[in-house]
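Residue numbers (the UniProt record's numbering): 1 to 186.
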């Protein structure tokens, strides 16, 4: 029984490693695209900052940059450096700074994902309002349906138990979701 749980855990951790590196590669490509289109963006979008589309564009851009930071923070061992420095400074405090910094990184990534979904819901609602000849009812239905992923992710993240790997994933800060809280992997 213990071997099966350990094998499952190792498999899930390996999948999380692959997903983390893939996520970081996509985020790097997105950052590259942002850099090469910055000149045209400033010419087209930022002419009139008071316009609503410029605000939505800025919020979306901010969310994507935060997504890049979260992807790098999960994959590159920044949490190890922070955790090590804090644990060295407060050596006798008895606090596990590695786990705390890793949890903070993962919570930041979850909040960034929720912000992206909220932005998509707002854009979809405004788009439906605009193309339906200002029909408020269709916009409300679209907003409620577009808000469903936010609610689903909040519910899923509060019901899942996360195990933060300290030994098997030294390259990054990965959590394996969906484990039962009764399973002890230490």
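Think of the CB as a built atom: it goes at the ideal place given N, C-alpha and C, for glycine as much as any other residue. Source: prediction; values computed, not measured.
In this structure, the beta-carbon distance from residue 125 to residue 104 does not fall below 7 angstroms.
With the rule of 3 Cβ pairs closer than 8 angstroms, the stretch 105-119 does not count as touching the stretch 129-136. Contact annotation, residue 68 with residue 122: C-beta distance approximately 21 angstroms; criterion of less than 8 angstroms not satisfied. Per DSSP, residue 60 is one residue of the alpha helix (DSSP H) stretching across 52-75. Residue 119 places its beta carbon less than 7 angstroms from that of residue 59. Here residue 108 carries a helix assignment [DSSP, helix/strand/coil]. Per DSSP, the unbroken alpha helix (DSSP H) holding residue 43 starts and ends at 38-44. Residue 148 has its alpha-carbon roughly 19 angstroms from the corresponding atom of residue 63.
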